[in-house]
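Those sequence lines, one after another, are chains A and B. First residue of the first sequence: 1, per my numbering; consecutive thereafter. First residue of the second sequence: 1, per my numbering; consecutive thereafter. By construction, the Cβ of each residue, glycine as well, lies at the ideal position given by its N, Cα and C atoms.
There are 2 protein chains.
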Amino acid sequence: MAAAKGEESKKKLLKAAEKLFAEKGFQSTKVSEIVAHAGLTQAAFYLYFASKEEILQHLLSEFEQQLGNFGDAGKKAGDFYPGRVQPYVKDQFVQLFSFLGKNPSLTKIALHHGKHGDRIREKIVAQIAGNMKENQNKGIVKKEIDPQIASEAIVAVTERLIDRYLWNGEKTKEELGAQAAQIFLHGILNES
Amino acid sequence: MAAAKGEESKKKLLKAAEKLFAEKGFQSTKVSEIVAHAGLTQAAFYLYFASKEEILQHLLSEFEQQLGNFGDAGKKAGDFYPGRVQPYVKDQFVQLFSFLGKNPSLTKIALHHGKHGDRIREKIVAQIAGNMKENQNKGIVKKEIDPQIASEAIVAVTERLIDRYLWNGEKTKEELGAQAAQIFLHGILNES
Numbered sequence: 001m002a003a004a005k006g007e008e009s010k011k012k013l014l015k016a017a018e019k020l021f022a023e024k025g026f027q028s029t030k031v032s033e034i035v036a037h038a039g040l041t042q043a044a045f046y047l048y049f050a051s052k053e054e055i056l057q058h059l060l061s062e063f064e065q066q067l068g069n070f071g072d073a074g075k076k077a078g079d080f081y082p083g084r085v086q087p088y089v090k091d092q093f094v095q096l097f098s099f100l101g102k103n104p105s106l107t108k109i110a111l112h113h114g115k116h117g118d119r120i121r122e123k124i125v126a127q128i129a130g131n132m133k134e135n136q137n138k139g140i141v142k143k144e145i146d147p148q149i150a151s152e153a154i155v156a157v158t159e160r161l162i163d164r165y166l167w168n169g170e171k172t173k174e175e176l177g178a179q180a181a182q183i184f185l186h187g188i189l190n191e192s
Numbered sequence: 001m002a003a004a005k006g007e008e009s010k011k012k013l014l015k016a017a018e019k020l021f022a023e024k025g026f027q028s029t030k031v032s033e034i035v036a037h038a039g040l041t042q043a044a045f046y047l048y049f050a051s052k053e054e055i056l057q058h059l060l061s062e063f064e065q066q067l068g069n070f071g072d073a074g075k076k077a078g079d080f081y082p083g084r085v086q087p088y089v090k091d092q093f094v095q096l097f098s099f100l101g102k103n104p105s106l107t108k109i110a111l112h113h114g115k116h117g118d119r120i121r122e123k124i125v126a127q128i129a130g131n132m133k134e135n136q137n138k139g140i141v142k143k144e145i146d147p148q149i150a151s152e153a154i155v156a157v158t159e160r161l162i163d164r165y166l167w168n169g170e171k172t173k174e175e176l177g178a179q180a181a182q183i184f185l186h187g188i189l190n191e192s
């Protein structure tokens, strides 16, 4: 019972921190504001987190882990039958936009938080590039493609499109996923 | 002779402002530093520019004008014979990377200067999208493409690639131009 209540409090603190970091930025947010938003005491905060930095790290690693699943979509793509790769990758784009659309605060914190953001971005780019290189060896990705540059391009476009069209509701995740697939897959995949 | 000397001083001030705005940011740069860098007096500055804001505007509109030529590459592309569009657009990408590579300070100021940057970006995106729409009507651009999203994607990728690969010399303008063309043109153009 006490453990369950503890988990509940921890979740409330994470939720409050996520909201405040996204709205006001990490620097401008005080621990006292996080606990006030969570309806808890300062003492409760330090029961679960050593510092404001630690709660940020917690949020970022959670986000990174979830995002990592999409970065590995390319790995799985290599197992599909020729002709089935493209619909699969298109669907993955839609799911990626869906995930980022549902987590605007976390995405903003993760990608705009200076060095943290750069590190997460670099990791995702490296992950996509690694899978792309493998798929190039399998003949799924065109040999003319530089996997590093193409991965950087995919990440840059995803970031721009969520920022420009998804969060304001101007376009749906389906529209953006379909367009991203249309723009990239013919140039990158061999089968199309 | 006096007019020629005046033009010379004005150029020196613009050059110094460009360097300092890029290095220190617009807010942190003082007019006194600009004139010191240019080897001129404060009085000379106010002979040519009413304020620090005005010298920034001057730099930005110069940059915008030059960049506008590339934004209109798509317009000209519509006049090429089928089969010649792709090499032309690829060459335009190389020239764009060449221009941005030669003007890192101005590019940084223009694109990272908050509202100014957003306005310039929006203008370029609108320009590319307009030309793309025309080319869609001519059958050069695929009908599945959303010109607005595709233009936003092209601008996002260009910005990311100069920032990540061009300015640090990791890739050449030819490599980046060829990759940008490879990534985008098959998905966007009908002929490829």
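Three-way DSSP call (helix, strand, coil) for residue i in this model
i, result
"Leu189 (chain A)", "strand"
"Leu60 (chain B)", "helix"
"Ser9 (chain A)", "helix"
"Ala77 (chain A)", "helix"
"Val50 (chain A)", "One detail in the question is off: residue 50 (chain A) reads as Ala in this sequence, not Val. Ala50 (chain A) falls in the coil class under three-state DSSP."
"Gly71 (chain A)", "helix"
"Lys198 (chain A)", "Outside the shown range of chain A (1 to 192) lies residue 198 (chain A), about which nothing can therefore be said."
"Leu40 (chain A)", "coil"
"Pro87 (chain A)", "helix"
"Met1 (chain B)", "Note that Met1 (chain B) scores a pLDDT of 48, beneath 50, so its modelled location is shaky; the value from the coordinates is reported in the next line. Looking at Met1 (chain B) - three-state DSSP - the assignment turns out to be coil, as it is neither helix nor strand."
"Phe45 (chain A)", "helix"
Supposed close pair residue i, residue j - CB separation, criterion 8 Å
i, j, result
"Lys173 (chain B)", "Phe63 (chain B)", "The Cβ separation is near 18 Å, so there is no contact."
"Glu159 (chain A)", "Leu189 (chain A)", "Rounded, the Cβ-Cβ distance is 22 Å, inconsistent with contact."
"Lys52 (chain B)", "Val31 (chain B)", "5 Å"
"Leu20 (chain B)", "Thr29 (chain B)", "4 Å"
"Ile149 (chain B)", "Leu67 (chain B)", "That belief does not hold up - the Cβ atoms of Ile149 (chain B) and Leu67 (chain B) are roughly 20 Å apart, past 8 Å."
"Ala180 (chain A)", "Leu161 (chain A)", "7 Å"
"Leu100 (chain A)", "Glu18 (chain A)", "In fact, because the Cβ distance is near 14 Å, the residues do not count as touching under 8 Å."
"Ile128 (chain A)", "Ile145 (chain A)", "Wrong, their Cβ atoms sit about 12 Å apart, outside the cutoff."
"Leu13 (chain B)", "Leu59 (chain B)", "Incorrect: roughly 10 Å between the Cβ atoms, too far for contact."
"Ala187 (chain A)", "Ile183 (chain B)", "Reading off the sequence, residue 187 (chain A) comes out as Gly, not Ala. Yes, Gly187 (chain A) and Ile183 (chain B) are in contact; Cβ-Cβ is about 5 Å, under 8 Å."
"Ala50 (chain A)", "Ile34 (chain A)", "Not really, about 14 Å apart at Cβ, beyond 8 Å."
"Phe80 (chain A)", "Gly177 (chain A)", "Rounded, the Cβ-Cβ distance is 17 Å, inconsistent with contact."
"Ala22 (chain A)", "Ile109 (chain A)", "6 Å"
"Ala210 (chain A)", "Val157 (chain B)", "There is no way to answer for residue 210 (chain A), as the model of chain A reaches only from 1 to 192."
DSSP beta-bridge partners of residue i
i, result
"Val141 (chain B)", "B:Leu189"
Residue i Cβ short of 8 Å to the ligand GTP heavy atom set
i, result
"His112 (chain B)", "This structure lacks the ligand GTP; in fact it carries no ligand of any kind."
9 Å Cβ cutoff, residue i in contact with chain E
i, result
"Gly187 (chain A)", "The structure shown contains no chain E; the protein chains it does contain are A and B."
Check your understanding: What are the complete alpha helix (DSSP H) segments, minimum 4 residues, inside the stretch 97-182 of chain B?
Key -> Taking 4 residues as the shortest admissible run, the stretch 97-182 of chain B contains the following complete alpha helix (DSSP H) segments, listed from N- to C-terminal end: 104-112, 114-137, 147-161.
**Study point:** Near-chain A residues of the stretch 82-96 of chain B (beta-carbon distance less than 7 Å), N- to C-terminal order
**Key:** none
Check your understanding: Of all the residues that make up the stretch 50-75 of chain A, which are near chain B by a beta-carbon distance shorter than 9 Å?
Key -> none
Exercise for review: With 9 Å as the limit, tell me which residues of the stretch 106-122 of chain A have their beta carbon closer than that to any beta carbon of chain B; keep them in chain order.
Suggested key: none
Check your understanding: At a Cβ cut of 7 Å, what residues of the stretch 37-49 of chain B count as close to chain A, listed as they run along the chain?
Key -> none
**Study point:** Residues of the stretch 144-157 of chain B with Cβ closer than 7 Å to any Cβ of chain A, in chain order
**Key:** Glu144, Ile145, Asp146, Ile149, Ala150, Glu152, Ala153, Ala156, Val157
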